[in-house]
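K.L.:
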Amino acid sequence: MTKRSWPAGVTSWEDTVKFAQLLFGMDIPFENYSERLPHATEKSFLLFAKGACAEGRPLRKIQEFIPKQMEEIAEWEQNVRGNSSRPTKSQQMLGRDKSQVYYWSVQLTRASCLCRSVFGADAHQKHVPTSAEVWGTASKFAKLWDATLARNYAHFQTPHMRPIWLDKTWQVLWNWNDHKQHHHIEPHADLCATYNHLDPIASLSFGHGGVLTLTSNIKRSKTPVGPTKMLYQSDGDALLMAGQFQSEFLHGVPARRTWSELRSSSMYAGMQTWEKTGMSREIEMHQGAVTDDPHVRMNCTIRWHSSHFPGCPQAFADPSVLARPGELSTPAAGSRQRTPPKESSTQATQPLLTGAAQAPAARVQEPPVFSGIRRQDSVDEQPSSSKTQRLSSLEESHETIRHLLACIDACVRHSELFALAINGTPLVGATSVHEKTLQKIVETVDCLRRQLLIASEAVQRCGFDESKADAVNYKALDVMALAAQQRKNIQRHLGEFLVSDLRGGGSWMIETKNRPTQNCLRQDPQYRKCLLSHHQLALLLQEALSEDMMRQHQEIALDLRTHAAVLPEKVTCAKRHALAKQHLNEDLGLDSYDVPSGSVVLLKAVEIGYVSVGDGNEARRIQTNRNLWSKLTEELTVAEIATSVRSGILAALEHLRTLDVDRKFCDRTTGETASHNYDVWVWLTTATSPKR
Ligand SMILES: [Zn+2]
Ligand SMILES: [Zn+2]
């Protein structure tokens, strides 16, 4: 009897089926491929879903995204390098000699993750940012993926069992193979430092058919064992590899020219008729191919980062982990199940000194700093590949490299200024001035990246191998580029609320600067200033934002009747005077506010922006202006308003964590994800009698 781990992991066949339904929908037929595995096992699961991404299915779009994203990267590469020498190299999976191309590949992650897993053949791609948000096509994929999973999950009707993959960081690899160029992948396991066996790996197939060979990875004898099973995927088919699949089995993608040989092996007999037919058709095509057009098979694998590299905005805040560059930031052992965030800092009597409201006074002097270039001491070791060099020239090249790195490091350190510049632009009210500032930042980042790339390649030419060239990394630049892009997106979403009226117009959502100690709104004393984690606020916006209630109450409304579990019944809030409006700018300590389960909660304002600028004595607040609601609904539907509210605030929360990539302003370090570790003040009230 296998253990079930849903909704936090997949360790049984039942879990695997649920996962397939989350990705592909309830109406997709699937087969249990346990008989197709090289040996019997209760720990690994292989699910085949015929047509899960075929014509008419939402994930079909990925087929268009793959070549478009490859074009986008090639164009970007040309721009960054400033010349046209092999602009497509950064998508090739290369052999040791750097000339054989195994196949083409693109790696992307869910924003704001910047992690890149290096598999070896792609070591030369690391200057290419992975975060989907900085790419046009990848952003479209991210949207499609989120929307598809959310829609499929809606059919589960288990709001108290939210699968963790709705919030988790995915990592996709898009592979492009041309059968005519004999592209192939040797038998391997999809293991990397951030992988966890509780997360299944999905593989979607597009275009020409593909063969997958499976090899038992359990060493019984000293002689290496070859593949003993194979399967065929045709256009639109999907596979899920779950449980211990990656440690029990190897999988490989043989070149099409070897298929006729495979057809005479004993593995062929175990295939279903439709697989044999598909395979034979491809073999015929291979033999009969006369024209120049490629026979392309594209493959999308979806994996999950269960941990993050330091310097990634998704990395957790354990200071001991951050102190060890190169190692991973992992959640505390055994904390896989979602537990309520531990509110240690909110027990303090000085609520207003939590990062959510204001940076502690001692930190005010420090501007937010992006981490710079990691300089490994190992650069000074004698590189093995240049042993024959004379000592003097070796010393000379070391000296050159040291200067080079110091110089680039100094450039990248200017990122502090960029962070201030980014943070200085308002969240609401995008003007062309701010657009220009952000554009300038993006251009400067590109320029620095070019210099870093040139320097890093120079290091390699001096005889240092790839690992020594690792002394430079692109994390700081990736963070800046992402932050600028996020700021643009926030301004775009929150800029939707601009309305024109008789007095010249205004915005339904405005940005104000206030005292961080304020505990009551003078005009609207019914709202309480409550402390939520980023994670709680994000869940509320994703699950409980209700268009019906917004229509009724004419403001941002969260319906907890079906999502009672998102908030505790007592929420920490800022204490205020018994006569609400007295001493409203004083820090009176903490209190708690009752939010009975099943309430409708109205949200007036969010105090966003803990990275202090100026004198550090201001809280930035975005709040709604009730008077403009009816004007706004003349120009936007309530559904559109809800979408922009959700996207804008979620983006702003993510943006704050990106700016604080060094985790200096964390409120806690005990959460499972970065979003558990930050707090934010929100002004809310429970709805009593809805106005009609
Ligand atoms: Zn990451
Ligand atoms: Zn693989």
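The opening position of the sequence shown corresponds to residue 167 in our numbering, with each subsequent residue numbered one higher. Built from N, CA and C at the ideal position, the CB exists for glycine as well.
1. Please identify the residue among S763, S673, V338 and H452 whose C-alpha is closest to the C-alpha of A298.
2. State the beta-bridge partners of H354 as determined by DSSP.
3. Looking at the strands, I want to know which residues DSSP matches up with M464.
4. Check whether the stretch 755-769 touches the stretch 644-664, counting contact only when three or more Cβ pairs, one atom from each stretch, lie closer than 8 Å.
5. Find out if the Cβ-Cβ distance for the pair L697, V737 is shorter than 9 Å.
6. What would DSSP say about W172, mapped onto helix, strand or coil?
7. Using the beta-carbon count (16 or more within 10 Å), is G375 buried or exposed?
8. Hey, would you say the C-beta of D356 is under 8 Å away from at least one heavy atom of ligand 2?
9. Start and end of the beta strand (DSSP E) containing L769?
10. Can F475 be considered in contact with ligand 1, in the sense that its beta carbon sits closer than 8 Å to one or more heavy atoms?
11. State the DSSP-derived secondary structure class of S432, mapped to helix, strand or coil.
12. Please report the distance separating the alpha-carbon of W847 from that of N465.
13. For H729, which residues in the same chain have their Cβ closer than 6 Å to its Cβ, ignoring the five residues on either side in sequence?
14. Leaving out five residues before and five after A357 in sequence, what residues of the same chain have Cβ atoms less than 7 Å from its Cβ?
15. With distance defined between alpha-carbon atoms, name the residue in R469, Q347, R282 and D401 nearest to F185.
16. Using the C-alpha atoms, what's the distance from K227 back to A482?
17. Heavy atom of ligand 1 less than 8 Å from the Cβ of H471, yes or no?
18. Is the separation between the beta-carbon of F307 and that of Q235 shorter than 9 Å?
19. Given a cut-off of 9 Å, decide if M433 and P393 are closer than it, judged by their beta-carbon atoms.
20. State the beta-bridge partners of N680 as determined by DSSP.
21. What does the alpha-carbon distance come out to for the pair T334 and W674?
22. From G492 to D193, what distance separates their C-alpha atoms?
23. Is it buried or exposed, G862, if we count other Cβ atoms within 10 angstroms and call 16 or more buried?
24. Identify which residue in L604, V804 and W172 has its Cα closest to the Cα of E662.
25. Less than 9 Å separating the beta-carbons of V377 and Y398?
26. Under the three-state reduction of DSSP, which class applies to L188: helix, strand or coil?
27. I need the boundaries of the alpha helix (DSSP H) containing I384, first residue and last residue.
28. Which residues mark the beginning and the end of the alpha helix (DSSP H) in which I330 is found?
29. State the Cα-Cα distance for the pair A621 and T790, rounded to the nearest angstrom.
30. Which residues mark the beginning and the end of the alpha helix (DSSP H) in which R447 is found?
31. Distance check for L315 and W342, CA to CA, integer angstroms please.
32. Count the other CB atoms, across all protein chains shown, that sit within 10 Å of the CB of I330; report buried if there are 16 or more and exposed otherwise.
33. By a C-beta neighbour count over all protein chains shown, 10 Å radius and 16 as the cutoff for buried, is L745 buried or exposed?
34. Around the C-beta of L583, are 16 or more other C-beta atoms found within 10 angstroms, so that it is buried, or is it exposed?
35. Quick one: using the 10 Å Cβ neighbour count with 16 as the cut-off for buried, is T836 buried or exposed?
36. Could you give the DSSP three-state label for E838: helix, strand or coil?
P.N.:
Inspection of the coordinates gives the following:
1. V338
2. H417
3. W342 and F372
4. no
5. yes
6. coil
7. buried
8. yes
9. V766 to E773
10. yes
11. helix
12. 44 Å
13. P325, E709 and A710
14. In the sequence under discussion, the amino acid at residue 357 is Leu, which differs from the Ala named in the question. So the qualifying residues of the chain are Q412.
15. R469
16. The question names Ala, yet the displayed sequence has Phe at residue 482. Using only the alpha carbons, I get a separation of about 33 Å.
17. yes
18. yes
19. yes
20. A785
21. Looking at the sequence provided, one finds Lys at residue 334 rather than Thr. The straight-line gap from Cα to Cα measures roughly 32 Å.
22. Residue placement at G492 is flagged as unreliable, the pLDDT there being 40, under the threshold of 50; a coordinate-derived value is accordingly withheld.
23. Lying before the first or after the last residue shown, residue 862 is absent from the chain, which here runs from 167 to 858.
24. V804
25. yes
26. helix
27. Here I384 belongs to no alpha helix (DSSP H), and DSSP marks it neither H nor E.
28. That residue, I330, is in no alpha helix (DSSP H); it is neither H nor E in DSSP.
29. 49 Å
30. T439 to G454
31. 25 Å
32. buried
33. exposed
34. exposed
35. buried
36. coil
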